[in-house]
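S.K.: My questions all concern the structure below.
In mature numbering (1 follows the signal peptide of the UniProt record, and there is no 0), the protein residues as written are -20 to -1, 1 to 645.
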């Protein structure tokens, strides 16, 4: 039979074209992953869209696309890609969690609730507690979303169309007769979201209606200061001192570090000829974290800002720092769990009413970021959602007042001119015929209690009776309750007060006395979740006591030393302070501090090094008021390695540990 050579050629060409297409799609996918890993999400999306034409695993590809949209703050656009990834059975544990927030940003609350419930039900045991706490809290928020949506105010909201563009405009702040704001208008493009880099701009603020009916008018925006401008970074969210001559701003995102961790706070001062100085980095910034959205208090003596530095409640938290007469900043202090949640809290602002306004996605809200107001009375902080129309399913943030009932905020809600837009708001009758009714609800009361168990720290855990338990009020140091555990090892329940901190002290003969901190900060139930006039809530605490067995050894977690050094690092000092507390609570306890090195270096050198490390730990403890006669030390060198044949610095650090052994009790 004669073979048709033309047919063979066409088949071969088709096969070759198909193979070339597959290779091209795979190359695009790999390029996309490289851009994604570098935090260049907009460039990654360009490559992933090319890869869609190939046969790339749909679960992986669609998840990458969804995450690229989410991480560049385009939650709504991420929705279909999360859906495709989940339908393709993605194994990414956070897929449903992030999908839920994307759905919420579109106002699809029932679907968001369904996804979060599935996420919590199937979350692996390795899931970080702040993430799981945030998901559980958001489930309660979504269940109460209809009640939250009923909170409406008589507020007129108008888009400042002469300021806004297809790009991003946000963080308005008033300085004298100027409105200063952040906008994406620089020549260089930010690879994260494809928008121009952010800079500072200003416009003259006129408190008279313009031709469009806005209650205020503004001139054409112009660059705030060429001396502050740096084209290859993002700059924004300025805060001005009371006299308008000092500015704190955020600057960073030069693309060298993924996740925006190179964003720091900078200071600039107004000098001669009305010229702003070159911004200098503030020492309160954390080089390993994102620091931004600063704001001054009314008297200028406190600076508030947002940061995701270590030690917070989770996500981005609000911090405050005091400024002394010479302009020095104190060590930043976290603003506590009543304000901060496992989610993000940003854009703080102290209003003319001395209340703290801020944006959050962790408190019960309608969208991604909602605006909240915090008030403090009698030691208790209350956080309230500002309701509609200030808040929407989108991001609403950066609220400021220019008069008691007038102000600005930013939002990426539907119907705007671009990404984030600046809106003017005015409290009072709505401009149209729609009547908005402020919903009033009868106040509801919650009574809080503490109960718990005392058990031996062994396997299996055994409840301990006859243990003495005292609950101390940290503010006064006085006990509010004393108890002795019964046969099942239980105690309680005892009333607690909102906003207070407590210490639970448990002791029993033959065991080391232990204290547990318990705070009511962040534990108050938002009124929106309450269904009854009165609700009782009991917090249960499980306390484990270690048996006071002679020669028993305890590893002190995180007592690490730098390579070939024996000085006490700040992180080690925090852990040694806990041992100081144990020694104070157990005044007859005598211990040996044992120090261990990694395997690098000679045996003799490591024995000397470990001896010095143990000695420095004992000297630190003695400096905290512990009698030195209760402390001995010994260096074990590299004789008792936890990780044999350690290769990574992390493994070597585990070997460089400190332990304590009970010598007498």
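Backbone N, C-alpha and C define an ideal beta-carbon position, used for all residues, glycine too.
Bear in mind that the values here come from a model prediction, so they are computed numbers and not experimental data.
Helix, strand or coil for residue 631 per DSSP?
M.R.: Residue state, collapsed to three classes: helix.
S.K.: Out of 473, 316 and 41, state which residue places its alpha-carbon closest to the alpha-carbon of residue 5.
M.R.: Ranking the options by Cα distance to residue 5, first place goes to 41.
S.K.: Output yes or no for whether 8 Å exceeds the beta carbon distance between residue 349 and residue 339.
M.R.: Closer than 8 Å, so yes.
S.K.: Taking just the CA atoms, how far does residue 199 sit from residue 137?
M.R.: Cα-Cα distance, rounded: 20 Å.
S.K.: Return yes when the Cβ of residue 262 is within less than 8 Å of the Cβ of residue 216, no when it is not.
M.R.: Their beta carbons are not under 8 Å apart, which means residue 216 does not touch residue 262 by this criterion.
S.K.: Which class does residue 181 belong to by DSSP, given the choice of helix, strand or coil?
M.R.: Note: residue 181 maps to strand in three-state DSSP.
S.K.: Whose C-alpha, out of 304, 52, 306 and 294, is nearest the C-alpha of residue 316?
M.R.: The shortest C-alpha separation from residue 316 is found at 294.
S.K.: Between residue 140 and residue 628, what straight-line distance do the alpha-carbon atoms span, to the nearest angstrom?
M.R.: Taking the straight line from one Cα to the other gives about 55 Å.
S.K.: With which residues is residue 475 paired in a DSSP beta bridge?
M.R.: Residue 475 is bridged to 429.
S.K.: Note down the Cα distance separating residue 147 from residue 329, rounded to an integer number of angstroms.
M.R.: Rounded to whole angstroms, residue 147 to residue 329 spans 24 Å at the Cα level.
S.K.: Taking 8 Å as the threshold (C-beta atoms), are residue 164 and residue 178 in contact?
M.R.: Their beta carbons are under 8 Å apart, which means residue 178 touches residue 164 by this criterion.
S.K.: Would you tell me roughly how many angstroms separate the C-alpha atoms of residue 475 and residue 568, rounded to the nearest one?
M.R.: Each residue's alpha carbon lies about 33 Å from the other.
S.K.: If you follow the beta strand (DSSP E) that residue 113 is in, where does it begin and where does it stop?
M.R.: Counting along the chain, residue 113 falls outside any beta strand (DSSP E), though it belongs to the alpha helix (DSSP H) covering 109 to 123.
S.K.: According to DSSP, is residue 636 part of a helix, a strand, or is it coil?
M.R.: Residue 636: coil per DSSP, three-state reduction.
S.K.: Give the secondary structure of residue 344 by DSSP, where H, G and I count as helix, E and B as strand, and everything else as coil.
M.R.: Residue 344: coil per DSSP, three-state reduction.
S.K.: Does residue 321 pass the burial test, meaning 16 or more other C-beta atoms within 10 Å, or should it be called exposed?
M.R.: The residue is buried, with at least 16 neighbouring Cβ atoms inside 10 Å.
S.K.: For the alpha helix (DSSP H) that residue 460 lies in, which residues bound it at each end?
M.R.: Per DSSP, residue 460 belongs to no alpha helix (DSSP H); it is in the beta strand (DSSP E), 459 to 464.
S.K.: Step through the CB atoms of chain B and report whether any lies within less than 8 Å of the CB of residue 511.
M.R.: Protein chain content of the structure displayed is limited to a single chain, and chain B is not contained in it.
S.K.: Just to confirm, is the Cβ distance from residue 278 to residue 284 under 8 Å?
M.R.: No, Cβ-Cβ distance for residue 278 and residue 284 is not below 8 Å.
S.K.: Drop a sphere of 10 angstroms on the beta-carbon of residue 376, count the other beta-carbons inside from all chains shown, and report buried for 16 or more, exposed for fewer.
M.R.: It counts as buried.
S.K.: Take residue 617 and list the residues in its own chain whose beta-carbon comes closer than 7 Å to its own, dropping the five residues that flank it on each side.
M.R.: Cβ neighbours of residue 617 beyond the five flanking positions: 577, 583, 586, 587 and 590.
S.K.: Between residue 82 and residue 59, how many whole angstroms is the CB-CB distance? I'm expecting something under 8 Å.
M.R.: So it is a contact: roughly 5 Å between Cβ atoms.
S.K.: Please state whether the Cβ-Cβ distance between residue 68 and residue 38 is less than 8 Å.
M.R.: Contact flag set, yes.
S.K.: Considering only C-alpha positions, which residue in the set 314, 307 and 310 is nearest to residue 286?
M.R.: Taking only the C-alpha atoms, the option nearest residue 286 is 314.
S.K.: Between the C-alpha atoms of residue 77 and residue 363, what's the straight-line distance to the nearest angstrom?
M.R.: If I take the Cα positions, the gap works out to 25 Å.
S.K.: What does the Cβ neighbour count give for residue 162, buried or exposed, with the cut at 16 atoms within 10 Å?
M.R.: Flag for residue 162 reads buried.
S.K.: In the DSSP assignment, find the unbroken beta strand (DSSP E) run with residue 553 in it and report its ends.
M.R.: Per DSSP, residue 553 belongs to no beta strand (DSSP E); it is in the alpha helix (DSSP H), 550 to 565.
S.K.: Just verifying my parser: in three-state terms, what is the DSSP assignment at residue 583?
M.R.: Helix, per DSSP.
S.K.: Out of curiosity, what's the CA-to-CA distance linking residue 298 and residue 318?
M.R.: Going from the Cα of residue 298 to the Cα of residue 318 covers about 11 Å.
S.K.: Do the CB positions of residue 640 and residue 559 come within less than 8 Å of each other?
M.R.: Yes; because the gap between Cβ atoms is below 8 Å, this pair is in contact.
S.K.: Mind checking which residues open and close the beta strand (DSSP E) that includes residue 500?
M.R.: Residue 500 -> no beta strand (DSSP E), and no H or E assigned at all.
S.K.: In angstroms with no decimal places, state the Cα-to-Cα distance between residue 380 and residue 86.
M.R.: The straight-line gap from Cα to Cα measures roughly 25 Å.
S.K.: Taking only the alpha-carbon atoms, compute the straight-line gap between residue 323 and residue 266 and give it to the nearest angstrom.
M.R.: Roughly 20 Å separates the two Cα atoms.
S.K.: Which of helix, strand or coil does DSSP assign to residue 600?
M.R.: Three-state result, residue 600: helix.
S.K.: Have a look at residue 430 and residue 512 and give me their C-alpha separation to the nearest angstrom.
M.R.: Roughly 21 Å between the two C-alpha positions.
S.K.: Tell me the DSSP secondary structure of residue 233 in three-state form.
M.R.: Residue state, collapsed to three classes: coil.
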